[in-house]
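Engineer: Let me begin by handing over the structure; questions about it come next.
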Amino acid sequence: METMTIDIINPKAKKLLKDLMAMDLIKIRKKSSKPSLESILSKTRQFSKEALSLEAITKEVEVVRQKMYEERKDNT
-18 METMTIDIIN PKAKKLLKDL MAMDLIKIRK KSSKPSLESI LSKTRQFSKE
32 ALSLEAITKE VEVVRQKMYE ERKDNT
């Protein structure tokens, strides 16, 4: 299987692509504008020598939440 990105210039080309899809010759998938969590994690983890433990992640989240809570408290 080969994957390609195609820019459609003429609306007639879109109809042709849909016809090819109806004949089960091609598959059309819309490209997501948001990166998936899996892709973000894989990019982040490539710079890490070891994976973080669940406890380390939870601790960091709690620290960030506490800072956000204090900032909101100070602004009111």
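Using the working numbering, you'd call the opening residue of the sequence shown number -18 and step up by one each time.
Quick reminder that beta carbons are idealized off the backbone N, C-alpha and C, glycines included.
#1: For R46, does the three-state DSSP call read helix, strand or coil?
#2: Measure the C-alpha to C-alpha separation of M(-15) and K15 and round it to an integer number of angstroms.
#3: Once DSSP output is grouped into helix, strand and coil, what is the label at P16?
Structural biologist: On the basis of the coordinates in this document:
#1: If you number the sequence shown from 1, residue 46 lands on position 65. In the structure shown, R46 sits in a helix (DSSP, three-state: H, G or I).
#2: Counting from one through the sequence shown, the residue named residue -15 turns up at place 4. Counting from one through the sequence shown, the residue named residue 15 turns up at place 34. Taking the straight line joining both Cα atoms gives about 19 Å.
#3: Walking along the sequence shown from the start, residue 16 turns up at place 35. Coil at P16, not helix or strand.
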